[in-house]
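Undergrad: Position in the sequence shown counted from 1, then plus 1336, gives you the numbering used here.
Every residue, glycine too, gets a C-beta built ideally from N, C-alpha and C.
Before I ask anything, here is the structure I am working with.
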Amino acid sequence: MQKNLALVFLLFCLALTESFAQSANVPLWGDYYHLLDRYEIKSGKMHDGYFSSFKPTLRHSAAGFVDSVSNVGVFESSSDKFNEKYLRQDNWEFFTDSLEAAPQSKKPILKYFYRTPSDAFHVQEDGIDLHVSPVFQFDVGHDANSPSTPFINTRGIVVRGRIDEKLGFYTYLTENQAVFPAYTQRWVDRWHVVPNEGFWKRFGEAGTDYITANGYLTFSPTKHIHLQAGHDKLFVGNGMRSMFLSDFSNNYFFLRFNAKIWKFNYTNVIARLKADVFYYNDGLLGTKEFPNKNLVMHQLNWQVTKNFNVGLFEAVMFSPEDSLRTGSFDPNYLNPFIFYRGLEQQLGSPDNVLVGFDAKWNFARHFSAYGQFLLDELSLTNLKNKTGWWSNKYAYQLGLKWVDVGNVSNLDLQLEHNYARPYTYAHQSSYTSFTHYRQPLANPLGANFKEWVAVLRYQPIGKLQLTARAMLASQGEDTLASNWGRNPLLPYATFEQEFGNFTGQGVATKINLVGLQASYQLLHNLFIDARFIYRKEQQESVSLRNNDQFFGFGIRLNTDTKHHYF
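Spelled out as structure tokens, the structure:
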């Protein structure tokens, strides 16, 4: 299925003779999208062509957005002017039609390298627009609970570009070795996967070795329609977390269709995921293919007014390898313009269907309120009678962004509450659960939890970013012999009780996390980081208490921080 769909995509692209606005994506870096959100809020309105609730955003859309807000007074402080310059340099090919007008480095290396601040090497001639840069990260730290010194060592390359203004391309490849902080390693030991990553193997006595690889092709047959095929991650929502689809799990193959017409943005995705992995103590087994499953989803976003939009989300998880199905990929799900739940019912309801609603409201040029509601399954009678029926499964998110807190320039606060009922995202097996590579596709906590998250950012000068994060969560954990609804990988038919269920049931668990980070940008996308993380996890009934303190320092080039906050 994956090869056939990719071939169809390529043939369709090559058959057309005209294309529009080819572009790679803005990488899924939290601080990057915070800048776009900040200036949208300050501008007092939402802008045509830029819809923030489905990420990643195309670079040409981000460039158009920066141009649209540059004349409304959002780049006021010296830090804001620095950020505008950064965004323009990072997407410079969409701000100018001539190489001579591109931002120039003061001291290029050997005349050919780093002629612009954002690219180690670039070519813009004879129908090709090519950008090549190295990727590097080295962090080292201290964790008293870790058997070895924690570190991350990443080396790689990122390439993006366009051919004949018709076909866009992107690839990112890194080779990594790491010794994780103790709490991250406990996650690896429990779930047998690395957060955010895929295949891994043991490195030394306490380390992990893994490769990160993603890439895709992009094509726009008309001004308003954009197609993408490749291997990457997607994110649906405006929060730090997503109750629909987050970027926490591993990369996956997908086809993405996007149409921006008038005040509507419609996205349809077909993706191939992994239902499970084969593992042993020293990593994952690489002797046979991991079992597959399929995801189809779509979101329709409507900009109701200049500062308020709403969205409808729907997703179906299914697998031809599941015992309830026979045959291959169901062609019924290739129809992007249909109500999936109605279709799935006609097929006999063998699959896992999720529907959701999200909204965002920017107001007073300082605030943005946002939220999500996801429905997995619901009985209104049981909900009204408060029976605690196990299959009342839903999740929601409420959040607020406040820029220039107390009129202090570049002091921004984000508060968020996330909630998921027991057994949400679970289904009859891992073939239909809302998971990928043994990791949740939505919130990293899975289900059966209440979570409060806060992040405070302050940029006193352009090059310096100070960030404080806090997370408080209460969750009901499962035991080896019970299923209280925390783990979406477990079949929901193994629930403990039909009625009397509540969020937090099972082994009561509390997780507190505080993180402090200072990042200084020496050169374009070259950062020096210093961070401190305190994490406490306790379960009273089993006398489990984990207190972790991690101190770390590092340098990174063209990459985001990983594995530190989840």
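Can you grab the Cα-Cα spacing for the pair residue 1570 / residue 1644, in whole Å?
TA: Cα to Cα, residue 1570 sits roughly 23 Å from residue 1644.
Undergrad: Rounded to a whole number of angstroms, what is the C-alpha to C-alpha distance between residue 1606 and residue 1585?
TA: Approximately 17 Å, taken between the alpha carbons.
Undergrad: The alpha helix (DSSP H) with residue 1422 in it runs from where to where?
TA: Note, residue 1422: alpha helix (DSSP H), 1414-1426.
Undergrad: If you reduce the DSSP assignment to three classes, tell me which class residue 1667 lands in.
TA: Reduced to three states, the DSSP call for residue 1667 is helix.
Undergrad: If you draw a straight line from the C-alpha of residue 1884 to the C-alpha of residue 1636, how long is it?
TA: Cα to Cα, residue 1884 sits roughly 42 Å from residue 1636.
Undergrad: So, residue 1611 versus residue 1633, is the Cβ gap smaller than 7 Å?
TA: No.
Undergrad: In angstroms with no decimal places, state the Cα-to-Cα distance between residue 1890 and residue 1869.
TA: Their Cα atoms are separated by approximately 14 Å.
Undergrad: With a cut-off of 8 Å, do at least 3 Cβ pairs link the segment 1822-1835 to the segment 1722-1737?
TA: Because the criterion of three Cβ pairs below 8 Å is met, the segment 1822-1835 and the segment 1722-1737 touch.
Undergrad: Please report the straight-line C-alpha distance between residue 1597 and residue 1386, rounded to a whole angstrom.
TA: Spanning the two alpha carbons is a distance of roughly 12 Å.
Undergrad: Let me know the secondary structure DSSP gives residue 1885 once reduced to three states.
TA: Strand.
Undergrad: So for residue 1528, helix, strand or coil by DSSP?
TA: Looking at residue 1528 - three-state DSSP - the assignment turns out to be coil, as it is neither helix nor strand.
Undergrad: What residue range is occupied by the uninterrupted alpha helix (DSSP H) comprising residue 1377?
TA: Start and end: 1366-1379.
Undergrad: Taking the straight line between their C-alpha atoms, what separation do you get for residue 1687 and residue 1768?
TA: For residue 1687 and residue 1768, the distance between alpha carbons rounds to 6 Å.
Undergrad: Counting pairs of beta carbons, one from the segment 1438-1457 and one from the segment 1477-1484, are three or more of them closer than 8 Å?
TA: Touching, no, given that fewer than three Cβ pairs across the two stretches are closer than 8 Å.
Undergrad: Let me know the alpha helix (DSSP H) ranges lying completely inside the segment 1579-1614, each 4 residues or longer, listed in chain order.
TA: Complete alpha helix (DSSP H) runs here, min 4: none at all.
Undergrad: Between residue 1408 and residue 1388, is the Cβ-Cβ spacing less than 7 Å?
TA: Cβ atoms of residue 1408 and residue 1388: not closer than 7 Å.
Undergrad: Less than 7 Å between the C-beta atoms of residue 1754 and residue 1775, yes or no?
TA: Going by C-beta atoms, residue 1754 is not nearer than 7 Å to residue 1775.
Undergrad: Do you know offhand how far residue 1640's Cα is from residue 1560's?
TA: Cα to Cα, the separation comes out at about 19 Å.
Undergrad: Going by DSSP, what residues sit across from residue 1641 in a beta bridge?
TA: In the DSSP output, where bridge partners are listed per residue, residue 1641 has 1644.
Undergrad: So, residue 1735 versus residue 1783, is the Cβ gap smaller than 7 Å?
TA: Not in contact: residue 1735 and residue 1783 (Cβ atoms no closer than 7 Å).
Undergrad: Among 1825, 1779, 1648 and 1395, whose alpha-carbon lies nearest the alpha-carbon of residue 1496?
TA: Selected option, being the one with the closest Cα: 1395.
Undergrad: Taking DSSP as the reference, what is the three-state secondary structure of residue 1921?
TA: Residue 1921 lies beyond the stretch modelled for the chain, which goes from 1337 to 1902, so this question has no answer here.
Undergrad: Using the C-alpha atoms, what's the distance from residue 1718 back to residue 1367?
TA: Each residue's Cα considered, the two are about 42 Å apart.
Undergrad: May I ask you to verify whether the segment 1546-1557 touches the segment 1575-1583, counting CB pairs closer than 8 Å and requiring at least 3?
TA: No, they do not touch.
Undergrad: In whole angstroms, what is the alpha-carbon distance linking residue 1825 and residue 1766?
TA: Going by the C-alpha atoms only, they are around 5 Å apart.
Undergrad: Among the candidates 1577, 1896, 1760 and 1373, whose CA atom is the shortest distance from the CA of residue 1731?
TA: For the residues 1577, 1896, 1760 and 1373, the minimum Cα distance to residue 1731 belongs to 1760.
Undergrad: Any heavy atom of the ligand NAP closer than 6 Å to the CB of residue 1833?
TA: In the structure shown, the ligand NAP is absent, as is every other ligand, since no ligand is present at all.
Undergrad: Quick one: using the 10 Å Cβ neighbour count with 16 as the cut-off for buried, is residue 1552 buried or exposed?
TA: Classification for residue 1552: buried.
Undergrad: Check whether the Cβ atoms of residue 1748 and residue 1793 lie closer than 7 Å to each other.
TA: Yes; because the gap between Cβ atoms is below 7 Å, this pair is in contact.
Undergrad: Consult DSSP for residue 1705 and reduce its assignment to one of helix, strand or coil.
TA: It is a strand residue.
Undergrad: Do residue 1377 and residue 1704 have their beta-carbon atoms positioned less than 7 Å apart in this structure?
TA: Yes.
Undergrad: Could you give the DSSP three-state label for residue 1788: helix, strand or coil?
TA: Three-state DSSP puts residue 1788 in a strand.
Undergrad: Let's see if you can read the secondary structure: which residues bound the beta strand (DSSP E) around residue 1693?
TA: 1688-1699 is the extent of the beta strand (DSSP E) around residue 1693.
Undergrad: From which residue to which residue does the beta strand (DSSP E) around residue 1566 run?
TA: Where residue 1566 is concerned, the enclosing beta strand (DSSP E) stretches over 1561-1568.
Undergrad: CB residue 1807 to CB residue 1849, shorter than 7 Å?
TA: Yes, the pair counts as a contact, with Cβ atoms nearer than the cut-off.
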